[in-house]
Every structure is written in structure tokens, then in C-alpha cells.
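Trainee:
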Ligand code: SAJ
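Numbering (this note's numbering), first residue to last: 6 to 414.
1. Let me know the secondary structure DSSP gives residue 350 once reduced to three states.
2. Can you check which of these residues, 177, 149, 293, 198, is closest to residue 224 by C-alpha distance?
3. Please classify residue 32 as buried or exposed, where buried requires at least 16 neighbouring CB atoms within 10 angstroms.
4. Can you tell me which residues form a DSSP beta bridge with residue 206?
5. Note the first and the last residue of the continuous beta strand (DSSP E) segment covering residue 385.
6. Between the C-alpha atoms of residue 327 and residue 304, what's the straight-line distance to the nearest angstrom?
7. Is residue 89 near the ligand SAJ, with its Cβ less than 7 Å from a heavy atom?
8. Taking C-alpha atoms, which residue in 35, 39, 149 lies nearest to residue 107?
9. Could you give the first and the last residue of the continuous beta strand (DSSP E) run that contains residue 242?
10. Within the present structure, is the beta-carbon of residue 269 separated from the nearest heavy atom of the ligand SAJ by less than 7 Å?
11. Examine the Cβ distances between the stretch 207-218 and the stretch 121-132 and report whether three or more of them are shorter than 8 Å.
12. Roughly how many angstroms separate the alpha carbons of residue 16 and residue 7, rounded to a whole number?
13. Indicate the three-state DSSP secondary structure (helix, strand or coil) for residue 71 in the structure shown.
14. Would you mind sorting residue 18 into buried or exposed? The rule is 16 or more other CB atoms within 10 Å of its CB.
15. So does residue 427 have its beta carbon nearer than 7 Å to some heavy atom of the ligand SAJ?
16. Is it buried or exposed for residue 433, if we count other Cβ within 10 angstroms and need 16 for buried?
17. Output needed for residue 163: all residues of its chain with C-beta closer than 6 Å, excluding positions within five of it in sequence on either side, in chain order.
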């Protein structure tokens with residue numbers, strides 16, 4: 006019998022399943038993609054994250070981690086599936102819980118009395134209660150008897166892409182139960198690998214805490230992004246301004262950029278806005294400020310290009326942030342695409358990928374840094390990758406420069 010069954014082997018489920026396995030738990034990882042299942046069973050990975058390959062290989066070779074397309078009985082079930090949102094006709098965002106619901110319902114034939122079911126996916130407030138409802142409903146629908154003493158908890162992850170394996174172990178966590186016993190049992194489980202503190206609370210508070218953490222960051226980045234727009238208008242160097250303002254002991258302004266990407270910060274605040282639209286005014290505006298920042302960058306580049314007889318634009322970086330290969334929801338991809346759609350010749354330099362994403366294929370040319378510098382007369386720094394660290398203002402002499410990260414000052 007498995008100790009653990011982890012549903013969803015993506016950015017969160019795979020490292021979590023693997024670390025439990027290397028700590029001696031017998032783990033069944035479940036994914037709907039046969040390719041993912043096969044890749045992991047060969048001890049390989051389908052996502053990029055420093056040292057994850059080593060961890061997964063060790064977990065699979067130990068015999069403690071196995072992947073499959075379907076769940077099986079276990080002591081604990083962890084749901085780590087995506088929770089995207091739908092954009093409605095009026096522009097409002099609605100959380101899409103269909104993957105959580107499907108994963109939950111798939112557990113019905115496998116749950117036994119006393120099992121613990123943990124929702125790790127970032128979710129709107131009330132989702133853990135919904136998980137219980139879906140499971141009870143599915144048992145009844147299949148004519149199965151009710152299962153006694155099931156425990157439900159929400160234990161959100163907090164790990165930062167790029168340093169996930171370190172943060173998985175060393176970040177404090179929150180365990181929120183539908184009952185205190187559920188929270189306590191979840192805490193005990195995560196103590197298998199988590200060396201930091203684990204705080205107990207109820208499931209709704211845990212759900213809101215996760216959303217709040219990312220909304221906090223979104224609002225603070227929006228503040229920096231709005232300052233950058235104000236400074237552009239007033240002719241002030243926003244980077245110098247922030248550096249000086251941050252010398253105040255209680256001021257800590259984040260960095261402006263080309264926009265906010267990734268699957269967390271640009272998504273999670275909408276779950277709060279959807280739940281309390283009247284009250285969540287600041288959060289909504291912050292999202293709008295960050296979502297509009299790419300449009301401002303596009304306008305800046307077009308203005309620079311208009312001053313060139315034959316403009317060739319080089320976009321440095323396509324990832325959603327520095328030193329990762331993740332291009333999904335990346336403002337840099339949005340900007341490169343919009344520039345190409347506007348008729349400009351666009352070169353892209355992204356040392357972390359071998360091929361362009363579908364959104365840019367056929368529109369943009371993927372080149373290396375020397376080729377981009379040789380051909381372009383407008384250079385846009387979109388991601389402050391370490392790989393661009395050697396670039397100096399001398400390399401850019403005679404070219405128009407739009408530095409969205411303040412890295413080339
Ligand atoms: N960004 C800025 N300026 C800044 C900081 C970030 O423009 O000063 C941009 C980045 O370029 C990127 C976006 O914000 O486009 C998000 O990057 P990030 O590094 O702030 O965060 P993520 O999305 O990689 O990970 C976040 C983290 N949340 C918080 O720091 C509160 C991480 O701890 C969470 O586990 C993760 O979301 C998640 O899974 O929810």
C-alpha cells in the first residue's frame with residue numbers, strides 16, 4: 006500500500022512527491038499525461054528546475070516513487086493540480102476548479118477510513134470544503150458507502166521557481182484543516198522533510214493566506230510599476246529614485262519591470278477579487294496596472310523604432326523572470342509578439358530555450374546575443390538573466406536602449 010498518492014506531477018507535485026520518496030515514503034505520483042508518467046518512471050523530468058533531475062532520479066531509483074495515470078489506495082492523497090481562471094465576457098475572472106474537482110472525484114474508489122486528503126493547489130477560499138463535497142457526492146454517485154473519518158486540509162506551497170528545492174525544505178508552512186485533527190496530521194506529514202515551522206489554522210484561513218501572499222507581492226510590484234510610469238512622464242530615473250527612497254528604514258520598494266508573469270502572482274489576486282469584488286478594489290487596480298505595463302513598453306519601443314530608418318528590434322529575454330526557462334504568461338513574450346504584430350523586425354535572445362513558443366513562431370527570429378547585437382538598432386532588455394550580465398553600455402553604442410529591468414544603467 007502507498008503511503009502517499011500525489012495527483013498532478015507539475016511544478017509543485019513533482020518536487021513534493023520526490024522529496025517524500027527520498028525520505029522513505031512510498032509514493033504513487035499520478036498525472037493525466039502519459040508522457041509525463043513515462044518520463045518520470047524513467048527517472049527523468051519534464052520541467053526545468055535546478056537539481057530537480059537529481060532528486061527525481063534518486064526518488065525513482067530508490068523504488069519509492071512510481072508514476073501512473075490513475076490513483077490507487079494510500080494513507081494520504083495530495084492534490085497538486087492547476088487552478089487557472091476563466092476570463093468572462095465582461096472581463097471579470099472566475100476561478101476554474103475543474104482539475105481539482107476531477108482529481109477529487111477520481112479518488113472515490115480508493116479512499117479508506119481515516120485517510121487524509123490535502124489540497125496543495127492554490128485555491129479560492131472554500132475550495133477545501135468543496136473537495137469534501139465532491140468526494141462525498143462521487144461516493145454516492147457510484148453507489149459506494151460513505152467513508153468514515155476522512156480528514157481534509159489545505160497546505161499551500163510557497164516555493165520560488167528557481168530555488169524550489171531549497172525553499173521546499175526551509176520555508177515555514179501553513180496547515181489549515183477542516184478540523185484541528187486534519188491540520189495536525191498534515192503538519193506531522195510535512196515534518197517528514199520540512200525543517201522550518203508549520204503553523205496550524207483552519208482551511209479557509211490557509212486558503213486566504215496563500216492568496217494574500219501573492220496579492221501582497223502583486224500590489225507592491227504594481228506600486229513600483231506605477232512609479233516607473235510617473236517617472237517616465239516626469240523625466241526621473243526610477244531606479245535611482247527607488248534606490249534612494251529605500252534608504253529610509255521603513256521603505257522597501259520592489260523593482261519595476263515589463264509586467265508581472267508566472268502562474269501565481271498574476272493569477273491568485275483574481276481569486277480574491279472574484280470572491281469580494283466590492284471590497285477588493287486595490288487588488289484589482291494593482292492587477293490592471295501590472296497587466297498594462299507591457300503595453301507601455303511596446304509604446305516605448307515603437308517610439309524608438311520610429312526614429313530609425315530601418316528598425317530592427319532585439320528583445321533580450323523571453324522568460325517570465327530571470328534565470329528560469331519558463332515562458333508561460335511571460336510579459337516578455339507578449340511584448341515581442343505585439344512588436345512583431347505591429348510590423349517590426351524582431352529578434353529574440355533567450356539562452357534558456359531551444360525553440361520559440363507557439364505564440365512567437367514564424368513572427369520572431371530566435372538568435373544568440375552576438376547576432377542580435379550585430380543586427381539590431383533598438384535593444385529592449387526584458388529579462389535580467391545572468392547570461393546578459395556581461396553586456397555593457399559599450400556593446401550598445403549607437404543603438405536605442407529600452408531597459409525595462411534597470412540592469413544596464
Ligand atoms: N517581479 C517584478 N519586480 C519585482 C519582483 C518580481 O517585476 O521586484 C516580477 C517578475 O519578473 C515576474 C513576477 O514578478 O514576472 C513574479 O516573480 P516572483 O519572483 O516575484 O514570483 P514567482 O511567481 O516566481 O513565485 C511566487 C512567489 N510568491 C511570493 O514571493 C509571495 C513564490 O514564493 C510562490 O510560491 C509562487 O509565487 C507560487 O507558487 O504561488
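Ideal Cβ placement from N, Cα and C applies to all residues, glycine included.
Mentor: Quick look at the numbers:
1. Strand.
2. Taking only the C-alpha atoms, the option nearest residue 224 is 293.
3. Buried: at least 16 other Cβ atoms inside 10 Å.
4. DSSP lists 181 as the bridge partner or partners of residue 206.
5. Where residue 385 is concerned, the enclosing beta strand (DSSP E) starts and stops at 383-386.
6. Within the model, the alpha-carbon separation for residue 327 versus residue 304 is close to 23 Å.
7. Outside the cutoff, so no.
8. Considering only alpha carbons, the answer is 35.
9. Note, residue 242: premise wrong, no beta strand (DSSP E); not H, not E.
10. Yes, since a heavy atom of the ligand SAJ falls inside the 7 Å radius drawn around the Cβ of residue 269.
11. A contact exists between the stretch 207-218 and the stretch 121-132.
12. Near 22 Å, if we compare the C-alpha coordinates of residue 7 and residue 16.
13. In the structure shown, residue 71 falls within a strand segment according to DSSP collapsed to helix, strand and coil.
14. Flag for residue 18 reads buried.
15. The structure shown does not extend to residue 427, since the chain spans only 6 to 414, so no value can be given for it.
16. It is not possible to answer for residue 433, since the shown part of the chain is limited to 6 through 414.
17. Closer than 6 Å at Cβ, skipping near neighbours: 176.
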